[in-house]
Each structure stands twice: as C-alpha cells, then as structure tokens.
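**Student:** In this note's numbering, the protein residues as written are 143 to 431.
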Ligand SMILES: Nc1nc2c(ncn2[C@@H]2O[C@H](COP(=O)(O)OP(=O)(O)OP(=O)(O)O)[C@@H](O)[C@H]2O)c(=O)[nH]1
Ligand SMILES: [Mg+2]
Ligand SMILES: [Zn+2]
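1) Pull up the CB-CB distance for residue 278 and residue 248, whole angstroms please, since I reckon it's below 8 Å.
2) Going straight from the alpha carbon of residue 219 to that of residue 288, what length do you get?
3) Under 6 Å Cβ to Cβ from residue 414, same chain only, skipping five residues before and after it: list those, please.
4) Roughly how many angstroms lie between the CA atoms of residue 337 and residue 227, to the nearest whole one?
5) With a threshold of 16 other CB atoms inside 10 Å of the CB of residue 308, please say whether the residue is buried or exposed.
6) Should residue 402 go down as buried or exposed, given a rule of 16 or more other Cβ atoms within 10 Å for buried?
7) Could you please give me the residues that DSSP links to residue 179 through a beta bridge?
8) Leaving out the 5 sequence neighbours to the left and right, which residues in its chain are closer than 6 Å to residue 225 when beta-carbon positions are compared?
9) Have a look at residue 371 and residue 208 and give me their C-alpha separation to the nearest angstrom.
10) Can you list, in chain order, every residue whose CB sits closer than 5 Å to a heavy atom of ligand 3?
11) Out of 378, 387, 409, 421, which has the shortest C-alpha to C-alpha gap to residue 397?
12) Counting only runs that start and end within the segment 382-421, where is the alpha helix (DSSP H) found for 4 or more residues in a row?
13) Is it true that the CB of residue 353 sits closer than 7 Å to the CB of residue 300?
14) Let me make sure I understand the geometry here. Which of 395, 160, 316 has the alpha-carbon closest to that of residue 188?
Dropping the structure here:
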C-alpha cells in the first residue's frame with residue numbers, strides 16, 4: 143500500500159517495511175491509499191508496475207484544471223474547519239460534493255471548539271447544525287481541551303479516513319493527539335494573516351492503534367473540484383436528491399428554468415438558500431472557486 147505521496151512515493155509491504163519507489167510508467171498517478179503491484183530493488187527501494195483498481199478516489203482540479211487524484215480507497219473524508227482560520231462554508235460544500243462523488247462518507251469536524259464563543263451563534267457552530275440538519279455526521283473537537291477526541295477515535299476505527307480542510311485548522315494536531323508517539327510537525331497560526339503556515343507538504347497515511355488508517359493531507363486555501371457535470375454537482379448536494387427528476391425539464395440545471403423542483407424546495411425553506419447559492423456558483427464557474 144502507498145503510504146506517502148509527495149516528492150517520493152513510499153510503499154509499505156505486509157510486514158510494515160517501507161520502500162522508496164519509482165513508478166515504472168510515469169503516466170501512472172499513484173496516491174496515498176493505493177494498492178500497487180510492485181517489486182523491491184535492494185533493501186530500501188522498489189519499482190511500481192501497476193495500480194490496483196480503486197474502490198474510491200478523492201479528486202480535485204490542479205492549477206491547470208486537470209483532474210488529479212488526492213487519495214484512493216478511502217471510506218471516510220473528514221472535512222475539518224475551525225473558528226480560526228475563518229470558516230469558509232463554500233469550501234466545506236465543495237469538499238462535501240467531492241466526497242459524495244468519490245463514494246466516501248463525509249464527516250464535518252469543527253476543531254478548536256475551545257475558541258467558539260458559546261454565547262454567539264458563530265459561523266462554524268452554526269454550520270455544524272446546518273450540515274447535521276441535512277443528514278451529515280458532525281463532530282466538535284478541541285485538541286487543546288482534549289474534548290471530542292474519543293468520539294473522533296470511534297468514528298475512525300477500522301476504516302480508512304482522510305483529513306482535509308484549510309491550512310491551520312488542526313488536522314496534524316488531531317493526528318498527533320490520536321498517535322502521540324508520532325510528533326508530526328505542527329504549524330503556528332500566524333496572527334498577522336490568520337492563515338496557518340503550510341507545514342504538511344505530503345499526503346501521508348498512518349495506522350491507528352485500534353485498527354484503521356488515517357491520512358493527513360496538506361491544507362488548502364482553495365479546493366477545486368475535478369471535472370463534473372451539472373448533474374454530478376446536483377447529486378453532490380444530498381438534500382437536492384429527493385427533487386432531482388421532478389423538474390419540468392429532464393435536463394434542468396436548477397438555475398433559472400421554469401418549474402424547477404429544487405428551486406421550489408428552496409422557496410419552501412426545505413433547501414437552504416446558501417447551499418443552493420453554492421451549487422449555482424459551482425455550475426456557473428465549474429471550477430469550484
Ligand atoms: N486553540 C486551539 N488551537 C489548536 C487546536 N488544534 C490545533 N491548534 C493549533 O492550530 C495551529 C495549526 O495546527 P496544525 O495541526 O498544524 O494545522 P493543519 O490543519 O495540519 O495545517 P496544515 O498542515 O498547514 O494544513 C497550531 O498552532 C495548533 O497548535 C485546538 O483544538 N485549539
Ligand atoms: Mg498539517
Ligand atoms: Zn430544476
């Protein structure tokens with residue numbers, strides 16, 4: 143299995159030994175979580191010949207708008223947000239669509255709950271309620287106050303999960319808390335910009351003591367979906383699904399077509415205006431930002 147995907151590709155054998163591998167055909171995209179057909183070359187190196195079929199694949203668009211895999215064979219995508227850096231609901235929506243299209247279960251995690259003001263309905267807390275209302279799993283954690291960590295560990299047991307989200311929300315801190323012997327480098331949140339330094343640079347897979355794997359990924363400022371059609375996007379908004387197929391036009395994009403069931407649901411308050419606006423922005427931009 144591929145456990146690290148950055149400058150080098152690290153492959154782990156069944157005994158847990160790591161080999162620095164090159165990919166035989168460079169058209170092959172190998173990512174963390176991939177199972178590969180490979181052969182050792184000496185004691186520490188190896189060659190990857192082929193990638194086994196993937197159950198799931200999390201994808202994004204790169205700066206040249208090419209669809210790229212981020213991780214493979216994941217069961218669950220933990221979308222991590224925090225009160226700092228500032229919460230970005232549209233980014234969470236894009237990750238939710240990517241998770242739906244990948245066939246992986248999303249879980250929305252708001253970390254740094256110690257920084258939430260319990261008196262105010264501030265953004266990340268409110269967002270958790272919004273996502274819970276449409277049926278997504280949600281979790282509130284604090285590495286600093288050591289809260290929500292047991293529930294997180296339970297959610298991770300015996301599955302392969304990836305942590306995604308903005309830089310500085312505490313993805314690596316959560317992994318360090320779950321696997322204290324690791325001591326991954328953690329970035330300092332710079333006060334000036336409120337933006338975390340990009341400390342995590344490679345996507346890395348860790349084994350959890352209670353069974354299961356957890357992949358840390360570098361934080362993003364922006365996450366752009368890979369190639370999608372309006373129909374893909376509509377399916378990616380799970381609360382739209384009961385209404386898809388009920389519009390007057392079969393190929394309704396739910397933008398300004400007459401007799402649109404999705405828009406009618408929004409007007410009735412069943413679908414939130416904010417989520418429909420996210421969808422509209424994705425269809426119009428088709429690049430995710
Ligand atoms: N107050 C508070 N700070 C936290 C918590 N968890 C992490 N932090 C801090 O947030 C900062 C960023 O943490 P990281 O774990 O490096 O964040 P990351 O998401 O891995 O960032 P990238 O690797 O850049 O994507 C560090 O200064 C942490 O100490 C928390 O629960 N509460
Ligand atoms: Mg990190
Ligand atoms: Zn419609």
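The beta carbon of each residue, even a glycine, is placed where N, CA and C say it ideally should be.
**Tutor:** For this structure:
1) 6 Å
2) 22 Å
3) none
4) With a pLDDT of only 49 at residue 337, under 50, the local geometry of the prediction cannot be trusted, and the value read off the model is given with reservation. Roughly 6 Å between the two C-alpha positions.
5) buried
6) buried
7) 192
8) 254, 257, 258, 266
9) 15 Å
10) 389, 394, 396, 402, 404
11) 421
12) 403-409
13) yes
14) 160
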